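Reviewing the structure listed below.
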Amino acid sequence: MDLPHIQFDSLFKMPWSGNIVQDIRPEFFSPSYSGKPEIEAKVITDVAGYGQQLGWISNALLELIDRAGLFEGEENDKIEKLRKLVTDVDEVKRHHKSDLTARAHSALDTLRIVDPDSYADLIARRTK
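Under the numbering used here, think of the first position of the sequence shown as 8, with each following residue one higher.
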């Protein structure tokens, strides 16, 4: 059922109706965590985030499976789910990258029209 359009809907927001961003902090996952939260925080900010770590592990596992010839000719739902996960994540990254490139081109085109001197200065600095 569609809700009626409210003329001032941009003034009023329901809880959780906007862009939701949450900082994932290791100490929130388990209060009985036996590690050091400050080390976990340093690792995920300075070394690799959870997504990167999972990506590296997933890719390494699939590489080992392929090189060892494990499960050749067999149906293995778990391995296929992992392959699909890696493929889907890669597709999201490709899509995001192309969106980012399109936004950058659009911003540069707008800058060129609105402020040609700043545009020329930016291009000159970026091509050195």
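Ideal placement from N, C-alpha and C gives every residue a C-beta, glycine not left out.
All values reported here derive from a predicted model rather than from experimental measurement.
**Message:** Please identify the residue among E45, I46 and N66 whose C-alpha is closest to the C-alpha of D97.
**Reply:** Answer by Cα proximity: N66.
**Neighbourhood of L68 by C-beta distance below 8 Å, restricted to the same chain and skipping five residues each side** = So the qualifying residues of the chain are L89.
**Request:** Give a yes or no on whether 7 Å exceeds the smallest Cβ distance from I130 to chain B.
**Result:** Among the chains of the structure shown, chain B does not appear; only one protein chain is present.
**Asked** Starting from D73 and walking both ways along the alpha helix (DSSP H), at which residues does that stretch end?
**Response** D73 -> alpha helix (DSSP H) spans Y57 to A75.
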